[in-house]
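Q: Submitted below is the structure of interest, expressed as structure tokens.
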Amino acid sequence: MDRLHRTRSATVALKCLFTLHNIVSERKGPLTLKDNLSHYPSNGGRNALNVSTFRDDTDVETMELSAWVRWYANVLEHVLTVSRVLGYYLINSNDGTREVFSSVELFREIRGLVDFVEQVSHAPESLHLQKIELVFNVVRLVCEDYGRVQREILRRVEEGGNRVEDLDVGELREFVRCMKRLEGCREKLVVLFVNRKRNDAFWDLIGKVKYKGVEVMEEMEGKWLMVVKKGMNELAESTRFANPFLEPGEFMYSGPTGWRVATCQPVPTVG
Numbered sequence: 001m002d003r004l005h006r007t008r009s010a011t012v013a014l015k016c017l018f019t020l021h022n023i024v025s026e027r028k029g030p031l032t033l034k035d036n037l038s039h040y041p042s043n044g045g046r047n048a049l050n051v052s053t054f055r056d057d058t059d060v061e062t063m064e065l066s067a068w069v070r071w072y073a074n075v076l077e078h079v080l081t082v083s084r085v086l087g088y089y090l091i092n093s094n095d096g097t098r099e100v101f102s103s104v105e106l107f108r109e110i111r112g113l114v115d116f117v118e119q120v121s122h123a124p125e126s127l128h129l130q131k132i133e134l135v136f137n138v139v140r141l142v143c144e145d146y147g148r149v150q151r152e153i154l155r156r157v158e159e160g161g162n163r164v165e166d167l168d169v170g171e172l173r174e175f176v177r178c179m180k181r182l183e184g185c186r187e188k189l190v191v192l193f194v195n196r197k198r199n200d201a202f203w204d205l206i207g208k209v210k211y212k213g214v215e216v217m218e219e220m221e222g223k224w225l226m227v228v229k230k231g232m233n234e235l236a237e238s239t240r241f242a243n244p245f246l247e248p249g250e251f252m253y254s255g256p257t258g259w260r261v262a263t264c265q266p267v268p269t270v271g
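Counting in my numbering, the sequence shown runs without a single skipped number right up to 271 at its last residue.
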């Protein structure tokens with residue numbers, strides 16, 4: 001860690017992060033190091049990596065490598081954040097048999113996993129640097145974590161898909177939003193990993209569940225509009241029955257200056 005913070009070399013910084021990533025990826029890696037790395041300012045701790053402003057401007061290639069250093073540090077932080085959200089490290093994901101019991105817990109975990117995928121998709125545009133062995137190995141290790149995250153997402157999206165019709169409006173909007181965020185990452189991930197971990201079945205499921213969620217959401221919104229429209233019509237008819245001098249569509253209400261006449265505007269239908 002000291003070497004990471006002292007160096008001004010992009011290559012050295014990338015090697016330090018790669019070493020840390022390998023330690024984190026070990027099933028029996030030092031728990032103290034893992035715990036220290038996973039306490040970021042957002043979790044009430046100190047950002048141990050802290051390379052968000054790193055820049056090696058020796059030449060064009062080192063400046064491009066600097067972007068990889070910043071990206072890789074963010075990915076590594078998200079790897080540990082996901083582990084904290086799930087309650088176990090990604091390397092031990094096959095051991096995670098805990099069931100999700102509440103929608104709040106389910107969507108908290110989905111958000112954390114989607115955050116990771118989005119961060120991975122923000123890889124630098126200088127993909128040609130994968131010709132460098134160190135960068136190639138960095139991407140390979142990130143790809144392995146991405147594969148584990150895909151499996152974690154798959155389990156939770158299947159669970160969410162089974163609950164779609166029982167979700168409230170807020171939960172449904174959140175679920176559909178997460179599916180759209182995932183789909184927005186797909187093309188960049190395909191380019192980054194050169195079709196590794198493409199997993200078309202995974203993306204087919206994301207699309208189907210999103211479509212199902214949108215359908216249910218539109219159905220709920222349609223019912224709400226019908227209730228509102230019916231309520232306004234009933235209010236207008238009730239007021240008109242009490243005051244035959246009102247024109248169709250007009251109703252009376254009590255304002256701060258006394259009774260006033262207003263017009264009942266029709267509610268436009270969707271589509």
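C-beta: ideal position from N, C-alpha, C; glycine also.
Note that the structure is predicted; figures quoted are calculated from it, not measured.
How many whole angstroms separate the CB atoms of Cys178 and Arg111, which I take to be in contact at a CB cut-off of 8 Å?
A: Indeed, because the Cβ distance is near 6 Å, the residues count as touching under 8 Å.
Q: To the nearest angstrom, how far is the alpha carbon of Lys15 from that of Phe107?
A: Going from the Cα of Lys15 to the Cα of Phe107 covers about 35 Å.
Q: Between Arg240 and Tyr211, what straight-line distance do the alpha-carbon atoms span, to the nearest angstrom?
A: In this predicted model, Arg240 has a pLDDT of only 46, less than 50, meaning its place in the structure is not dependable; the value taken from the coordinates is given anyway. Answer to the nearest angstrom: the Cα atoms are 43 Å apart.
Q: For Val176, which residues from the same chain have a beta carbon less than 7 Å from its beta carbon, with the 5 sequence-adjacent residues on both sides left out?
A: So the list reads Lys210, Gly213, Val214 and Met217, once near-sequence residues are dropped.
Q: Give the range of the alpha helix (DSSP H) segment to which Leu17 is assigned.
A: First-last of the alpha helix (DSSP H) with Leu17: Ala10 to Ser25.
Q: Alpha carbon to alpha carbon, what distance is there between Val169 and Val79?
A: About 30 Å.
Q: Please look up how many angstroms separate the CB atoms of Thr11 and Leu65, rounded, as I've assumed it's under 8 Å.
A: Thr11 to Leu65, Cβ: 7 Å. Contact.
Q: Under three-state DSSP, which class holds Glu215?
A: Looking at Glu215 - three-state DSSP - the assignment turns out to be helix.
Q: Among the residues of its own chain, which have a CB less than 7 Å from the CB of Asn199, if the five just before and after it don't count?
A: If we look at Asn199 and ignore the five residues flanking it on each side, its Cβ neighbours are Gln150.
Q: To the nearest angstrom, report how far apart Ser9 and Arg70 are at their CA atoms.
A: Approximately 13 Å between the Cα atoms of the pair.
Q: Could you tell me if Met1 is buried or exposed, where buried requires 16 or more neighbouring beta carbons within 10 angstroms of its beta carbon?
A: Exposed is the call here.
Q: Looking at the secondary structure, which residues open and close the alpha helix (DSSP H) in which Cys185 lies?
A: Note, Cys185: premise wrong, no alpha helix (DSSP H); not H, not E.
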